[in-house]
Amino acid sequence: MLVPTIGVEVHVELKSKAKVYSHAKNAFSNEPNTNVEVIDLGYPGTLPKLNKEVINMALKAALACHCKINQVMHFDRKNYFYPDLPKGYQITQQETPIGYDGYLEIEVDGYTKKIGIERIHIEEDTCKSIHSLNGTLLNFNRAGVPLIEIVSKPEIANDKEAVAYLETLREIMLYLGISDVKIEEGSMRCDANVSLKEEESNQFGTKVEIKNIGSISYVGTSIRYEINRQAEMLKRGEKVHEETRRFDDKTNTTILMRMKETGNDYRYFPEPDLPYVTISDEWIQETLDSLPVLPAALRKSYREAGINENNIKTLIANIDLSMFLERIKERCNPVVAANILTGDLLSYLNKNSMTLDDLNLNPDYFTSFIDLLASGELSSKQGKELLPVFLEKKESPKKLAKLLGMEQIQDTDALLLMVKKVIEANPSSIEDYKKGLDRATKYLMGQIMKESRGQANPQIVSKLLVEELEKY
Amino acid sequence: MTNYLSKSIKELHELLKSKSIKPIDLVEEAFAKIEEHDYHAFITLNKEEALKEAKELENLEVDNLLFGIPIAIKDNIVTKNLRTTCASHMLDDFDPIYDATVIKKIKERHMIIIGKTNMDEFAMGSTGETSYFPYAVNPWNETKVPGGSSSGSAAAVSGRLVSLALGSDTGGSIRQPSSFCGLVGLKPTYGRVSRYGLIAFASSLDQIGPMTQNVEDNAILLEAISGSDENDLTSSDTPVGHYIDALGKDVCGLKIAVPNYYMSDTVDREVKHKVEEVIALLEKAGCVIDYIDIPYLEYAIPLYQIIALGEASSNLARFDGIKFGHVTDEFSDLEELYKKSRAEGFGREVKRRIMIGSYVLSGENANIYYHKALVLRNEMTKAFREVFTKYDLIIGPTNTNVAYDFGVKSDDALKSFYDDLLTIPVNMAGLPGMSLPIGFNHEHLPIGMHIISSYFMEEKIYTLASYIEKELKLDLDPKGGRTC
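Going down the list, the sequences are from chains G and B. Numbering-wise (the numbering used here), the first sequence opens with residue 850 and increments by one. Numbering-wise (the numbering used here), the second sequence opens with residue 12 and increments by one.
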């Protein structure tokens, strides 16, 4: 039987303040060719600098991916000619990647698997070329923007694992705060290598590379397509050629870009303009100590707290929400808090095109709001009404609830009157109750809430209702 | 015509300070001499700007030894708004937008740049003949090469067109022309002087250094251009010495090694004889001299061919016809733009070296040649370090010979590398080395002695050099018919 072997290469753009080898600002989106120093132009006589923030960020990534660290590392030149490469070489790390031999743990369809990471290395981005009818324009804002390249081992078995691997990797980079990892903006770029081999063979099949795939789900689609394409070819007795393909999102197929020439010759050699960098044990320890909580650990703690899987997914995908929950979860009911954050609060933010930061949410008010809901002092319906009010007024939700007349009726005598009145008005419900039908209490409960304009304490009403019905 | 420019920096300083002369006198003398006879030392003159600066200096206090002193700059060091060609068609209309760190430093001292000097194209050569421009000649005998690659800097200082000059040395490009032209030329320790703004030939070997008429001037200029630089991460933060204090110190008891390899039969008889005379002189002065063997020296040339040319092939890739430098007139696609621009822009020697360099880095060759060369370079460095645990200095001849006729080396690509047989090991190890004039051969062509110290021990070189200079009292002005 044919089995696929899949490896994934990811470029992640780091959001350091400055570029990696010059002091120019790292802000590609500014007016073209404004964030440029002579170094970025490859101007004759210039020499590269080295941005320590970039090394720190890459070290975080490497440690978060459980990599071993090359504690004495250097940079290498990768030589090739292209107009977007002003020096005629890219300064990268060939011999001594900052991290090597790591792994990521992924979850797919209920099983977990470790995907090995071959290497993580630091390199510089090229200029952005804009091809137009009048020729090619170059934007040097991107030249020298720091990248890390993360190369997986060929241990990915199928498209689902590839997608899970990329989502996991993306989440980690996001939580480390070192990149925006937005594929559509180019701050994360994915290439996949796919080959097929006979299951019992230990010889890999011919590898096809799919370049620069536009989204994580397209990675899945393109791998699926590529596996089928290659399998069909092999079935027909054809040979798979070593080639580079691209994914076409209109037809959901991969299209040949170019055949691989025998061994690209990049004439790598150690970059003589940059000194060796020593990463001490202390540096590594400090970085480890400074790592934020990562998605895997968060997921585990959410599960232990009893938060449901859907909410966990939403929380992890919205780092500001999960970080907010981290701050308050010891002080209130985390399940209720998660419900509100991923539900009403998130839709409030979306509706108003705001971020949590914009909202400047007071954690004390939020926790007291959660307390009101968790204790039943506020019904969920009242909660829905109160939320936008307290978010906008930025006042204590308790005070606001009172102002809005949302205080619950807790007086047993008053509630008993209401219960009796509703039961008498609905004799058929008594029959239903005797038959043991659930809908009876539910219906009556609804009527009472209506009567009280939602202000009756549901716990007390529920108790009184059962007591009264038992009397018939 | 005046001849102030054959005086020492200190003498000129006294004259400037006492207002006996003004900077403009020196600048006018320089251009008068250049107009009369320039030895093809310069590619670009900075006349207008130099005269203007000299005028402006009249209102300023003479605040340092180098104030108002005319200097020539090798044309591979970038100078803002002053054409910098590397003696190549590739850059023959290149006006840099920034100053090299050494240029900033000499400008801070109010030195006056007279012009940019001729050289071998991209510093590749040892005769000056690979220049795209008419090549510089040797002021001692104009049928002889001035040496290279800092040919124009050597000719300009030797011909007394300027007081001093900056050169660059990758395998001997300061020391060999200094030896051929009767100058004091120093290649500092790798990292002593910032390379920022030096158009790279071989980044791990290149170093800028002073070329001067005497040892004292050399020490003064080195101090002015040295120091760590945030723009060059390979520059060192080892404190800069006050080199002038090292001059005239006692040499008695100095332990000096003479490598047998440096005194082999490949060295010209007259050159060897002169070096032996100096050795006798030093022994008399109480120096301890031992003849020793240093392993791996014989690999200098293959090492250079691999490491220097490998790096060069990469460093010169940026000259692709897209951003700076020569662009071919007609091309139909990108590949043709590259090929034609580079084919037209670079001269033969540069192309040859780019090809060799690309070859030694290609595919499996990287292991066969390049990585092996790095290992050997490391061993050679260790061997030197070992010598310096026992000795203060290493001496020998700078070159195997004196200045020779034009054309003799150009028929054989390998031969020209052999000029650097004795100078390359110093670059490989990153050590400082000086060429000091110690006499003349029967044709009255200068002979240079090589003085090498351990890392950042330039003081020791200056101490020994100043002693030998004082003892020999050579007349190093080729005169060219001039008197003061």
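We treat Cβ as the ideally placed atom computed from N, Cα and C, and that holds for glycine. Given the structure is predicted, the values throughout are model-derived calculations rather than measurements.
Which residues in the same chain as residue i place their Cβ atom closer than 8 Å to its Cβ, once the five residues preceding and following it in sequence are excluded?
i: G:Tyr1125; result: Val921, Met922, His923
i: G:Tyr1117; result: Asp925, Arg926, Lys927, Asn928, Gln943, Glu944
i: B:Lys283; result: Met274, Pro408
i: B:Gln316; result: Ile367, Val371, Phe428
For residue i and residue j, I'd like the C-alpha separation in whole angstroms.
i: B:Glu11; j: G:Asn879; result: An answer regarding residue 11 of chain B cannot be provided, because it is not within the stretch 12 to 495 covered by chain B.
i: B:Thr494; j: B:Asp49; result: Its pLDDT being 44, under 50, B:Thr494 is placed unreliably in this model, and the coordinates cannot settle the point.
i: B:Asp248; j: G:Leu1170; result: 48 Å
i: B:Gly492; j: B:Ala41; result: With a pLDDT of only 46 at B:Gly492, under 50, the local geometry of the prediction cannot be trusted, and no value is derived from it.
i: G:Met792; j: G:Leu1195; result: The first residue shown for chain G is 850 and the last is 1321, placing residue 792 of chain G beyond what the model contains.
i: B:Ile125; j: G:Lys936; result: 31 Å
i: B:Asn225; j: B:Ile117; result: 19 Å
i: B:Asp217; j: G:Glu1016; result: 47 Å
i: B:Ser5; j: B:Glu59; result: Because chain B is modelled from 12 through 495, residue 5 of chain B falls outside the range shown and cannot be assessed.
i: G:Tyr931; j: G:Tyr1074; result: 31 Å
i: G:Met1255; j: G:Thr1290; result: 23 Å
i: B:Ser215; j: G:Glu1049; result: 50 Å
i: B:Phe212; j: G:Val887; result: 18 Å
i: G:Arg1085; j: G:Asp1097; result: 24 Å
i: G:Pro1237; j: G:Ile1168; result: 22 Å
i: G:Asn1306; j: G:Ser1224; result: 10 Å
Is any heavy atom of the ligand ATP found at a distance shorter than 7 Å from the C-beta of residue i?
i: B:Leu483; result: The model depicted lacks the ligand ATP and carries no ligand whatsoever.
Helix, strand or coil for residue i? Go by DSSP, reduced to three states.
i: B:Glu390; result: helix
i: B:Thr400; result: helix
i: G:Arg1094; result: strand
i: B:Gly126; result: strand
i: G:Ser1217; result: helix
i: G:Met1037; result: strand
i: B:Met12; result: coil
i: G:Glu858; result: strand
i: B:Gly336; result: coil
i: G:Leu1143; result: coil
i: B:Lys28; result: helix
i: B:Cys495; result: Any reading at B:Cys495 must be qualified, since the residue scores a pLDDT of 41, below 50, and its modelled position is unreliable; the value itself is stated next. Three-state result, B:Cys495: coil.
i: G:His923; result: coil
i: B:Ile300; result: strand
i: B:Gly259; result: coil
i: B:Leu93; result: strand
Short of 7 Å in beta carbon distance, which residues of its chain neighbour residue i, apart from the five on each side in sequence? Order them along the chain.
i: B:Ile108; result: Lys91
i: G:Asp1260; result: none
i: G:Val1012; result: Ile1065, Ser1066, Val1068, Gly1069
i: B:Lys155; result: Asn149, Ala414, Tyr415, Asp416, Leu456
If residue i and residue j are in contact, beta carbons under 8 Å, what's the gap, nearest whole angstrom?
i: B:Glu153; j: B:Thr141; result: That belief does not hold up - the Cβ atoms of B:Glu153 and B:Thr141 are roughly 19 Å apart, past 8 Å.
i: G:Leu1045; j: G:Ile1072; result: Rounded, the Cβ-Cβ distance is 11 Å, inconsistent with contact.
i: G:Ser1028; j: G:Val857; result: Not quite, the Cβ-Cβ distance comes to about 16 Å (not below 8 Å), so this is no contact.
i: B:Val1; j: B:Thr96; result: Outside the shown range of chain B, which is 12 to 495, sits residue 1 of chain B, and nothing can be said about it.
i: B:Phe357; j: B:Ser137; result: Contact doesn't hold; Cβ gap of about 18 Å is too wide.
i: B:Ile123; j: B:Gly79; result: 7 Å
i: B:Arg396; j: B:Leu314; result: Actually they are not in contact, since the Cβ atoms of B:Arg396 and B:Leu314 sit about 17 Å apart, beyond 8 Å.
Give me, in chain order, the residues of the same chain whose beta-carbon lies closer than 6 Å to that of residue i; leave out the 5 immediate sequence neighbours on both sides.
i: B:Gly202; result: Thr245, Ser246, Ser247
i: B:Leu93; result: Asn57
i: B:Tyr11; result: In the structure as shown, chain B begins at 12 and stops at 495. Residue 11 of chain B is therefore absent and cannot be evaluated.
i: B:Thr474; result: Ala257, Lys260
i: B:Tyr302; result: Val269, Asn271
In the stretch 1096–1130 of chain G, which residues sit with their C-beta less than 8 Å from some C-beta in chain B, listed in chain order? Flagged, chain order: Gly1112, Asp1114, Arg1116, Tyr1117, Phe1118, Pro1119, Pro1121, Asp1122, Leu1123, Pro1124.
Under 7 Å (Cβ pairs) to chain G, residues found in the stretch 245–262 of chain B: Residues of the stretch 245–262 of chain B with a C-beta less than 7 Å from any C-beta of chain G: Thr245, listed in chain order.
By the 7 Å beta-carbon criterion, what residues does the stretch 921–935 of chain G contribute toward chain B? Listed by position, the residues of the stretch 921–935 of chain G near chain B (Cβ gap below 7 Å) are Arg926, Asn928, Phe930, Pro932, Pro935.
Interface positions of the stretch 982–1013 of chain G facing chain B (Cβ-Cβ less than 8 Å), listed along the chain: Taking 8 Å as the Cβ-Cβ cut-off against chain B, none of the residues of the stretch 982–1013 of chain G qualify.
Chain G contacts from the stretch 199–233 of chain B (Cβ-Cβ distance under 7 Å): For the stretch 199–233 of chain B, which is checked against every Cβ of chain G, the residues closer than 7 Å are Arg206, Tyr207, Gly208, Leu209, Ile210, Ser214, Ser215.
Below 7 Å between beta carbons is the criterion; list the residues of the stretch 312–328 of chain B that meet it against any residue of chain G, in chain order. So the close ones are Gly321, Glu322, Ser325, Ala328.
Pull out every residue of the stretch 862–877 of chain G whose Cβ sits closer than 8 Å to any Cβ of chain B, in chain order. For the stretch 862–877 of chain G, which is checked against every Cβ of chain B, not one residue is closer than 8 Å.
Using a beta-carbon distance cut-off of less than 9 Å, what residues from the stretch 885–906 of chain G approach chain B? Answer in chain order: Val887, Ile888, Leu890, Gly891, Tyr892, Pro893, Gly894, Thr895, Leu896, Pro897, Lys898, Leu899.
Output needed in chain order: residues of the stretch 1064–1088 of chain G with a Cβ under 9 Å from some Cβ in chain B. Correct list: empty, as no residue qualifies.
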